[in-house]
Amino acid sequence: FEVQVVQDARPTERLRLLTLPFSKHTVFGVADVHELIALLTEAPGAHARLPKLRDMFASRACRGAVMIGTALEPQRMRTIVSNLAGLDQPWNCPHGRPTLRHLIDLSSLGGTAAATSFRSFEPTV
Numbered sequence: 147f148e149v150q151v152v153q154d155a156r157p158t159e160r161l162r163l164l165t166l167p168f169s170k171h172t173v174f175g176v177a178d179v180h181e182l183i184a185l186l187t188e189a190p191g192a193h194a195r196l197p198k199l200r201d202m203f204a205s206r207a208c209r210g211a212v213m214i215g216t217a218l219e220p221q222r223m224r225t226i227v228s229n230l231a232g233l234d235q236p237w238n239c240p241h242g243r244p245t246l247r248h249l250i251d252l253s254s255l256g257g258t259a260a261a262t263s264f265r266s267f268e269p270t271v
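147 is the number of the first residue of the sequence shown in my numbering; add one for each residue after it.
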């Protein structure tokens, strides 16, 4: 957002919105300015991010994700699982798509080592 301050204008007309940001198919508008002002008013000094911006980033992140059916080398698979292990909520992407798929029910393996012995993964950065 580009805003101009007009010092000699009336108090309710001192700020003028000159430009609205956009990114690909996401266009921000006057309502987003009002929402940003509300966020900043509710928590002065805190980092404020518009929900519309968060949704835009979440959508773009998913577009670059590994899709079902994509062939991966074993090392790439281990890296992905290791990184997921470091997340607080690895089950879904930010806007709800599942990130994991159950391939087998461990209880069906009984007391075998595959069902009872797990290696701990350290997240890679």
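Glycine included, every Cβ here is placed at the ideal spot set by N, Cα and C.
If you drop the 5 nearest sequence neighbours on each side, which residues of the same chain put their C-beta closer than 8 Å to that of residue i?
i, result
"P244", "W237, N238"
"T258", "none"
"L218", "V212, I226"
"G175", "L166"
Measuring alpha carbon to alpha carbon, tell me which residue in the options is nearest residue i.
i, options, result
"S169", "V149, V151, R206", "R206"
"L161", "H171, P167, V149", "V149"
"L164", "S228, I250, V152", "V152"
"E181", "G210, R156, F147", "F147"
In terms of residue numbering, what span does the alpha helix (DSSP H) encompassing residue i cover?
i, result
"Q221", "220 to 231"
"D178", "176 to 188"
For the beta strand (DSSP E) holding residue i, just list the boundary residues, first then last.
i, result
"R206", "Note, R206: premise wrong, no beta strand (DSSP E); alpha helix (DSSP H) at 197 to 209."
"L164", "161 to 165"
"V151", "148 to 151"
Within its chain, find whatever has a CB closer than 7 Å to the CB of residue i; leave out the 5 residues flanking it on each side and keep chain order.
i, result
"M202", "S169, T172"
"D178", "L196, K198"
For chain E, check one thing: does any of its Cβ atoms lie closer than 7 Å to the Cβ of residue i?
i, result
"L218", "Protein chains in the displayed structure number just one, and chain E is not present."
Subject >> the region 184 to 203 touching the region 211 to 218, judged by at least three CB pairs closer than 8 Å >> reply: no
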